[in-house]
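*Asks:* Attaching a single structure in structure tokens format; questions to follow.
2 protein chains.
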Amino acid sequence: MAETFTITDLKTRLQERQHKMTPQRQTVLQIFLDHPGEHLSAEDVHGLLRDKRSEIGLATVYRSLELLSELGILQKIEFGDGCSRYEVNTLDPTQHHHHHLICTKCDKVIEFEEDLLEDLEKDIQAKTGFIVQDHQVKFFGICKECQAAGEN
Amino acid sequence: MAETFTITDLKTRLQERQHKMTPQRQTVLQIFLDHPGEHLSAEDVHGLLRDKRSEIGLATVYRSLELLSELGILQKIEFGDGCSRYEVNTLDPTQHHHHHLICTKCDKVIEFEEDLLEDLEKDIQAKTGFIVQDHQVKFFGICKECQAAGEN
DNA sequence: TTGGAGTTGGGATCTCATTGCAATATTTTC
DNA sequence: GAAAATATTGCAATGAGATCCCAACTCCAA
Numbered sequence: 012m013a014e015t016f017t018i019t020d021l022k023t024r025l026q027e028r029q030h031k032m033t034p035q036r037q038t039v040l041q042i043f044l045d046h047p048g049e050h051l052s053a054e055d056v057h058g059l060l061r062d063k064r065s066e067i068g069l070a071t072v073y074r075s076l077e078l079l080s081e082l083g084i085l086q087k088i089e090f091g092d093g094c095s096r097y098e099v100n101t102l103d104p105t106q107h108h109h110h111h112l113i114c115t116k117c118d119k120v121i122e123f124e125e126d127l128l129e130d131l132e133k134d135i136q137a138k139t140g141f142i143v144q145d146h147q148v149k150f151f152g153i154c155k156e157c158q159a160a161g162e163n
Numbered sequence: 012m013a014e015t016f017t018i019t020d021l022k023t024r025l026q027e028r029q030h031k032m033t034p035q036r037q038t039v040l041q042i043f044l045d046h047p048g049e050h051l052s053a054e055d056v057h058g059l060l061r062d063k064r065s066e067i068g069l070a071t072v073y074r075s076l077e078l079l080s081e082l083g084i085l086q087k088i089e090f091g092d093g094c095s096r097y098e099v100n101t102l103d104p105t106q107h108h109h110h111h112l113i114c115t116k117c118d119k120v121i122e123f124e125e126d127l128l129e130d131l132e133k134d135i136q137a138k139t140g141f142i143v144q145d146h147q148v149k150f151f152g153i154c155k156e157c158q159a160a161g162e163n
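Heads up: the sequence lines are chains A and B, in that order.
So for the first sequence, this note's numbering puts the first residue at 12; every next one is plus one.
So for the second sequence, this note's numbering puts the first residue at 12; every next one is plus one.
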């Protein structure tokens with residue numbers, strides 16, 4: 012299991028860029044650490060903060076999410092549901108993140124850990140000269156539960 | 012080279028669903044046929060229509076794009092630039108569409124024709140029971156031109 | 001401790017997209 | 001070929017997600 016980011020990592024990365032450590036930024040990261048494996052939107056984070064009675068301005072949530080992404084701590088993902096979502100990045104920068112299986116019936120998002128795209132990336136670089144730094148893969152289909160439900 | 016859709020295909024598919032053929036829908040499809048390989052947003056299409064002096068209400072453009080997607084004639088793609096984009100689908104439904112290489116420097120989108128994901132899809136189905144119907148793959152990196160520009 | 005730079009909050013604002021409805025156009029039926 | 005039935009259009013109003021502006025505030029290095 013890969014190690015995960017800590018509040019100390021956040022502090023270090025902020026200092027490297029002359030940014031300040033604030034309780035707001037710390038709390039936003041904590042929300043993600045408290046909800047591993049979830050794909051949270053800005054509104055989600057804002058709501059969870061309210062539940063924790065640590066109200067933070069929505070604009071600040073948006074700014075924190077963008078900053079945490081720039082610092083490489085969060086990963087921005089688009090599922091096509093109209094809003095940007097985020098998840099904690101893997102600590103190892105050489106490791107590509109997992110793929111997402113999106114059910115077109117119930118909109119559930121399942122994670123899938125496997126990476127067979129190394130060969131494809133080499134192929135792309137050889138044929139087009141494009142240097143691949145990262146990829147996002149989404150598979151659309153029908154999840155097990157919806158298949159079962161559809162048989163009734 | 013795969014064949015492409017025609018206005019007649021549009022008419023046929025509309026009739027199958029009790030929808031009507033209108034000059035607006037025909038013109039929207041024509042825009043895509045006139046601009047092969049481009050990834051047009053609703054605003055793009057609206058602008059191109061104005062240039063052609065065939066002004067169509069923006070709401071109608073949105074509705075046409077959604078309808079053409081439902082009919083399988085257009086393919087909706089999200090590049091994460093804030094708006095939905097569309098391109099003409101391949102006529103052969105068994106053929107997966109191409110991948111997109113997105114340059115993180117200049118935001119250029121390059122197409123790449125190759126599909127090595129068949130094995131991965133079988134693997135997913137075996138391990139999770141998820142039936143894959145389609146996929147979207149985006150590679151992020153630096154294009155040839157930006158690499159050259161960066162060497163200066 | 002203090003000064004200066006960075007940050008916050010809240011409302012105003014922006015953009016992309018959707019909806020309601022009256023007017024209009026297309027297709028079906030006779 | 002005309003009228004009825006139904007779908008579609010256009011425009012303005014509305015909605016949702018996200019960003020901007022700026023005065024007040026907080027953090028941190030000296």
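We treat Cβ as the ideally placed atom computed from N, Cα and C, and that holds for glycine.
(1) Any idea what DSSP makes of residue 92 of chain B, helix, strand or coil?
(2) Rounded to a whole number of angstroms, what is the C-alpha to C-alpha distance between residue 46 of chain A and residue 30 of chain B?
(3) Give the residues of chain B in contact with residue 143 of chain A, contact being defined as C-beta atoms less than 7 Å apart.
(4) Tell me the DSSP secondary structure of residue 110 of chain A in three-state form.
(5) Can you give me the start and stop residues for the alpha helix (DSSP H) that residue 58 of chain B sits inside?
(6) Take residue 141 of chain A as the anchor and find which of B:152, B:138, B:145 has the nearest alpha-carbon.
(7) Is residue 67 of chain A close to chain B? Criterion is C-beta to C-beta, closer than 8 Å.
(8) In the DSSP assignment, what residue or residues form a beta bridge with residue 79 of chain A?
(9) Report all residues from its chain with a CB closer than 8 Å to the CB of residue 86 of chain B; omit the five preceding and five following residues, and keep chain order.
(10) Buried or exposed: which applies to residue 147 of chain B, given that a residue is buried once 16 or more other Cβ atoms fall within 10 Å of its Cβ?
(11) Determine the direct distance from the alpha carbon of residue 74 of chain B to that of residue 60 of chain B, and round the result to whole angstroms.
(12) Spatial neighbours of residue 154 of chain B within its chain, please: CB distance less than 8 Å, with the 5 preceding and 5 following residues excluded, ordered by chain position.
(13) Roughly how many whole angstroms lie between the Cα atoms of residue 14 of chain B and residue 68 of chain B?
(14) Residue 40 of chain B CB to nearest chain A CB: under 8 Å?
(15) What distance in whole Å lies between the Cβ atoms of residue 39 of chain A and residue 82 of chain A, which are believed to be in contact at a cut-off of 8 Å?
(16) What span of residues does the beta strand (DSSP E) with residue 122 of chain B cover, start to end?
(17) Let me know the secondary structure DSSP gives residue 98 of chain B once reduced to three states.
(18) So which residues on chain A does residue 146 of chain B lean against when the C-beta distance must stay under 8 Å?
(19) Say whether chain A places a C-beta atom closer than 8 Å to the C-beta of residue 132 of chain B.
(20) Note down the Cα distance separating residue 135 of chain B from residue 128 of chain A, rounded to an integer number of angstroms.
(21) Who are the neighbours of residue 158 of chain B on chain A, taking C-beta pairs under 7 Å?
(22) For residue 36 of chain A, is the classification buried or exposed, using 16 other Cβ atoms within 10 angstroms of its Cβ as the cut-off for buried?
(23) Any C-beta of chain B sitting closer than 8 Å to the C-beta of residue 84 of chain A?
(24) Which of the three DSSP states is assigned to residue 149 of chain A in this structure?
(25) Under a Cβ-count criterion, where at least 16 other Cβ atoms within 10 Å of its own Cβ denotes burial, should residue 63 of chain B be classed as buried or exposed?
(26) Excluding five sequence neighbours on each side, which residues of the same chain lie with their C-beta closer than 6 Å to the C-beta of residue 189 of chain B?
(27) Using DSSP's beta-bridge definition, name the partner residues of residue 85 of chain A.
(28) Could you check the C-alpha separation between residue 43 of chain B and residue 110 of chain B for me, to the nearest Å?
*Replies:* According to the structure shown:
(1) Residue 92 of chain B: coil per DSSP, three-state reduction.
(2) Approximately 46 Å between the Cα atoms of the pair.
(3) In chain order: 150, 152.
(4) Judged by DSSP in its simplified three-state form, residue 110 of chain A adopts strand.
(5) Membership of residue 58 of chain B in the alpha helix (DSSP H) is indicated by the continuous run 53-62.
(6) Distance check between residue 141 of chain A and each of B:152, B:138, B:145 places B:152 closest, using alpha-carbon atoms only.
(7) Closer than 8 Å to the CB of residue 67 of chain A there is not a single CB belonging to chain B.
(8) None; residue 79 of chain A has no bridge partner.
(9) For residue 86 of chain B, same chain residues with a beta-carbon under 8 Å away, outside a window of 5 residues either side, are 80, 97, 98, 99, 100, 108 in chain order.
(10) Residue environment for residue 147 of chain B: buried (at least 16 other C-beta atoms within 10 angstroms of its C-beta).
(11) Rounded to the nearest whole angstrom, the C-alpha separation of residue 60 of chain B and residue 74 of chain B is 15 Å.
(12) The beta carbon of residue 154 of chain B sits closer than 8 Å to the beta carbons of 112, 114, 116, 117, 119, 121 from its chain, once the five residues preceding and following it are set aside; these are given in chain order.
(13) Straight across, the Cα-Cα distance linking residue 14 of chain B with residue 68 of chain B is about 30 Å.
(14) Residue 40 of chain B does not count as touching chain A.
(15) 12 Å between Cβ atoms; not a contact.
(16) Where residue 122 of chain B is concerned, the enclosing beta strand (DSSP E) stretches over 120-123.
(17) Strand at residue 98 of chain B.
(18) Near residue 146 of chain B (Cβ distances below 8 Å), the residues of chain A are 148, 149, 150, 151.
(19) Closer than 8 Å to some Cβ of chain A, the Cβ of residue 132 of chain B qualifies, so yes.
(20) If you draw a straight line from the Cα of residue 135 of chain B to the Cα of residue 128 of chain A, it is about 14 Å long.
(21) Residues of chain A passing the Cβ test: 142.
(22) The residue in question, residue 36 of chain A, is buried, as its Cβ has 16 or more Cβ neighbours within 10 Å.
(23) Closer than 8 Å: no.
(24) In the three-state reduction of the DSSP assignment, residue 149 of chain A falls in the strand class, which pools E and B.
(25) So residue 63 of chain B counts as exposed.
(26) Limits of chain B in this structure are 12 at one end and 163 at the other, which puts residue 189 of chain B out of reach.
(27) The secondary-structure analysis by DSSP pairs residue 85 of chain A across a beta bridge with A:99.
(28) Their Cα atoms are separated by approximately 19 Å.
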